[in-house]
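K.L.:
Per the UniProt record's numbering: the sequence shown = residues 1 to 457.
Glycine included, every Cβ here is placed at the ideal spot set by N, Cα and C.
Just so we're clear, the structure is a prediction, and the values are computed from it rather than from any experiment.
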Amino acid sequence: MGPHTDWSPSSWRTKPIKQVVVYSDQTAVSSALTKLSGLPPIVTPTEIVKLKSSLQDAALGKAFLLQGGDCAELFSYCADDPIDAKIKLLLQMSLVLIWGANKPVIRIGRMAGQYAKPRSSPTEVVDGREIPSFRGDILNGFEPENRRVDPERLVSAYFHSATTLNYIRGQLSSGIADLHNPLDWELGHVRDEELQAKYSKIVSSISDSLRFMRTIGADTAGQLQTVDLYTSHEGLVLEYEQSLTRRLKHPVNYKPKTPSSDGKGWYNTSAHFIWIGDRTRQIDGGHVEYFRGIENPIGIKVGPSMKSDELVQLLDIVNPNKEVGKVTLITRYGKDKVEAMLGAHIEAVKATEHKVVWQCDPMHGNTHSTPTGIKTRSFNSIFSELSSALKIHKQHGSYLGGMHLELTGDAVTECTGGSEGLGEEDLSLNYTTFCDPRLNEKQALELAFLVAGHYRE
Ligand code: PEP
Ligand code: MN
């Protein structure tokens, strides 16, 4: 057997669980899960292990993890334009970060499976009527008449996930990320001349470096032709995750910390990386139980209610062998709490032998509603939490290993601020998120410029 003889892909079912899903038709659930169990893996152990090995570098301060995508990915985003826009944005941001931090950048999309949403309340009032909350396309539909949980959606999630990833793979192998092609770095929206000059200088520097590499023929291994892009989502709907958890042969060069006699391990094949949300990280809960048994690299959201001893306990449970880079701690305290909390968490982990990737999610602790009730985030608060995180890690002799953002390649108006100067009065222009507010393409790229600048100062 594998490393945990008391663990199985279904052992989470014996534990209490938050964000529980109540299906009315058990027969339909069983048939959906049986169908899922027979479908091929969406990702493979070789890819999963390759990502885990790259994350080792991020834990040691030798690489930077850029993770981004929608808060709630809809099935309807499974279309060429939104996927292309996200790939290009993540690519451009990563180039800026490589330039700034002088380190390789690992790219993970919140894509091809980010269909499940934890909710603070199971119901909400819409047009004076109390209806079930939208829990993501994997469970129910956003339209008020589609709020009933439908088990067919579990299967639909698989196919949308696989189709999205199929298109990503196709585009990457067809040159969407080919650095021989010039990238569009349109900076016309940056009104501040000084800032515009600063960003243009970074772009010229990146373009010059790429041109130089091409000219001297530094691309013998074809490394400029494409890049790696991994997928991730919150591992929330455990019956779905369980169906895609497979006992598979370890890759040839992979040395698992606890080898098994059959040379196999349990891989979650729904995505390369999955994370536990801040609402489902209870030590004795079903989610932590499920996560402790899989080979994949995993994330844990760390919000302001996390106690230091609880954090260490969690690490001991999900990573008993203390594999470096196996766990990414995704901290999301909010700009006003990060100072009081991050340092203590860093010290608590330092006092153990765990080596984690510290990733800052500057989005989820910085959400507020406008006087008219629109959920938004300000660019300045987002950057403020990020710069505090960079500074605090440095003070504690640690590394900020990455950033986790909610973003889209579309020109949405959901977060305020940034060089376009979006104000609260502009939010209604193109507010299309079905959950949390995302950075638009310009704001996301600008954040990358600012973080890169931070490293160069
Ligand atoms: C999210 O990442 O969309 C999310 C729900 O985050 P958290 O669990 O940190 O609240
Ligand atoms: Mn969110």
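Say whether the stretch 352 to 372 touches the stretch 318 to 329, bearing in mind that this needs 3 or more beta-carbon pairs closer than 8 Å, one atom from each stretch.
P.N.:
Yes: at least three Cβ pairs fall under 8 Å.
K.L.:
Quick one: what's got a C-beta closer than 7 Å to His250's C-beta in the same chain, skipping five residues either side?
P.N.:
In the sequence shown, residue 250 corresponds to position 250, counting from 1. Excluding residues within five positions, the ones whose Cβ falls inside 7 Å are Pro45, Pro256, Gly263, Lys264, Gly265.
K.L.:
Who does Asn268 pair with in a DSSP beta bridge?
P.N.:
In the sequence shown, counting from the first residue as 1, residue 268 sits at position 268. The partner list for Asn268 (beta bridge, DSSP) reads Thr245.
K.L.:
Within this structure, are the beta carbons of Arg110 and Ser204 separated by less than 7 Å?
P.N.:
Counting from one through the sequence shown, the residue named residue 110 turns up at place 110. Counting from one through the sequence shown, the residue named residue 204 turns up at place 204. No, the pair does not count as a contact, with Cβ atoms beyond the cut-off.
K.L.:
When the Cα of Gly170 is compared with those of Gly136, Asp228, Val149, Thr220, which residue comes out closest?
P.N.:
On the sequence shown, residue 170 is found 170 positions in, with the first residue counted as 1. Per the Cα distances, Asp228.
K.L.:
Using a Cβ-based criterion (distance less than 6 Å to any ligand heavy atom), does Asp219 qualify as near the ligand MN?
P.N.:
The count along the sequence shown starts at 1 and reaches residue 219 at position 219. The answer is no for Asp219.
K.L.:
Looking at C-alpha atoms only, which residue of Val302, Leu183, Arg246 is the closest neighbour of Gln282?
P.N.:
The sequence position of residue 282 within the sequence shown is 282, counting from 1. When only C-alpha atoms are compared, the closest one is Val302.
K.L.:
Following the continuous beta strand (DSSP E) through Phe273, name the residue where it begins and the one where it ends.
P.N.:
For the purposes of this step, residue 273 is identified with residue 273 of the sequence shown, where counting begins at 1. Per DSSP, Phe273 belongs to the beta strand (DSSP E) from 273 to 276.
K.L.:
In chain order, what residues of the same chain have a beta carbon less than 6 Å from the beta carbon of Ala380, not counting five sequence neighbours either side?
P.N.:
Your numbering for residue 380 matches position 380 in the sequence shown. A small fix is needed here, since residue 380 is Asn in this sequence, not Ala. These residues qualify, in order along the chain: Gly417.
K.L.:
Can you check whether the CB of Thr408 is closer than 7 Å to the CB of Leu429?
P.N.:
On the sequence shown, residue 429 is found 429 positions in, with the first residue counted as 1. On the sequence shown, residue 408 is found 408 positions in, with the first residue counted as 1. No, they are not a contact pair.
K.L.:
For Leu51, which three-state DSSP category applies?
P.N.:
Indexing the sequence shown from 1 puts residue 51 at position 51. Correct three-state label for Leu51: helix.
K.L.:
Below 8 Å on the Cβ atoms is my contact criterion, and I expect Gln242 with Pro9 to pass it. Report the Cβ-Cβ distance as a whole number of Å.
P.N.:
Counting from 1 along the sequence shown, the entry for residue 242 is found at position 242. Counting from 1 along the sequence shown, the entry for residue 9 is found at position 9. Their Cβ separation, rounded to whole angstroms, is 5 Å, which keeps Gln242 and Pro9 in contact under 8 Å.
K.L.:
Which first and last residues belong to the alpha helix (DSSP H) in which Trp99 is found?
P.N.:
Position 99 of the sequence shown holds residue 99. Here the alpha helix (DSSP H) through Trp99 covers 80 to 101.
K.L.:
Does DSSP classify Lys337 as helix, strand or coil?
P.N.:
For the purposes of this step, residue 337 is identified with residue 337 of the sequence shown, where counting begins at 1. Three-state result, Lys337: coil.
K.L.:
Please classify Lys201 as buried or exposed, where buried requires at least 16 other C-beta atoms within 10 Å of its C-beta.
P.N.:
Taking the sequence shown and counting its residues from 1, the one referred to as residue 201 is at position 201. Lys201 should be labelled exposed.
K.L.:
Quick check on DSSP: helix, strand or coil for His345?
P.N.:
By 1-based counting over the sequence shown, the position of residue 345 is 345. It is helical.
K.L.:
List the DSSP bridge partners of Arg107.
P.N.:
Position 107 of the sequence shown, counting from 1, holds the residue named residue 107. Bridge partners of Arg107: Leu66.
K.L.:
Should Gly136 be labelled buried (16 or more other beta-carbon atoms within 10 Å of its own) or exposed?
P.N.:
As a working note, residue 136 is residue 136 in the sequence shown. Per the 10 Å Cβ criterion, buried.
K.L.:
Residue range of the beta strand (DSSP E) that Gln282 falls in?
P.N.:
For the purposes of this step, residue 282 is taken as residue 282 along the sequence shown, with counting starting at 1. Note, Gln282: premise wrong, no beta strand (DSSP E); not H, not E.
K.L.:
Under 8 Å Cβ to Cβ from Leu314, same chain only, skipping five residues before and after it: list those, please.
P.N.:
The residue you call residue 314 lines up with position 314 of the sequence shown. Excluding sequence neighbours, Leu314 sits near Arg281, Ile283, Val288, Ile300.
K.L.:
Given that a residue counts as buried once 16 or more other Cβ atoms are within 10 Å of its Cβ, and exposed if not, what is Gly2?
P.N.:
For the purposes of this step, residue 2 is taken as residue 2 along the sequence shown, with counting starting at 1. Any answer about Gly2 is weak, because its pLDDT of 42 lies below 50 and its placement is not dependable; what the coordinates show is given next. Buried.
K.L.:
Taking the C-alpha atoms as reference points, what is the distance between Glu239 and Ala218?
P.N.:
The count along the sequence shown starts at 1 and reaches residue 239 at position 239. The count along the sequence shown starts at 1 and reaches residue 218 at position 218. Roughly 47 Å between the two C-alpha positions.
K.L.:
Taking 7 Å as the threshold (C-beta atoms), are Asp410 and Cys71 in contact?
P.N.:
Against the sequence shown, residue 71 aligns to sequence position 71. Against the sequence shown, residue 410 aligns to sequence position 410. No. Outside cutoff.
K.L.:
Going by CA-CA distance only, name the one from Pro118, Phe291, Ala58 that's closest to Arg279.
P.N.:
Residue 279 sits at position 279 when you count from the first residue of the sequence shown. Out of Pro118, Phe291, Ala58, Pro118 has the C-alpha closest to the C-alpha of Arg279.
K.L.:
Would you mind sorting Asp81 into buried or exposed? The rule is 16 or more other CB atoms within 10 Å of its CB.
P.N.:
Counting from 1 along the sequence shown, the entry for residue 81 is found at position 81. By the 10 Å Cβ count, Asp81 comes out exposed.
K.L.:
What I want to know is whether the C-beta of Asp70 ends up closer than 6 Å to one or more non-hydrogen atoms of the ligand MN.
P.N.:
The residue given as residue 70 occupies position 70 in the sequence shown. No, the Cβ of Asp70 stays beyond 6 Å of every heavy atom of the ligand MN.
K.L.:
Pull up the distance between the alpha-carbon of Leu439 and that of Phe134, whole angstroms please.
P.N.:
Counting from 1 along the sequence shown, the entry for residue 439 is found at position 439. Counting from 1 along the sequence shown, the entry for residue 134 is found at position 134. In a straight line, the C-alpha of Leu439 is about 21 Å away from that of Phe134.
K.L.:
Sorry if obvious, but does the Cβ on Asp436 come closer than 6 Å to a heavy atom of the ligand MN?
P.N.:
Residue 436 sits at position 436 when you count from the first residue of the sequence shown. Yes, the beta carbon of Asp436 sits closer than 6 Å to at least one heavy atom of the ligand MN.
K.L.:
With a threshold of 8 Å, are at least 3 pairs of Cβ atoms found where one atom belongs to the stretch 119 to 128 and the other to the stretch 77 to 96?
P.N.:
With a cut-off of 8 Å, the stretch 77 to 96 and the stretch 119 to 128 do not count as touching, because too few Cβ pairs lie within range.
K.L.:
So, helix, strand or coil for Ser74, using DSSP?
P.N.:
Position 74 of the sequence shown, counted from the first residue, corresponds to residue 74. According to the sequence as given, residue 74 is Leu; it is not Ser. Reduced to three states, the DSSP call for Leu74 is coil.
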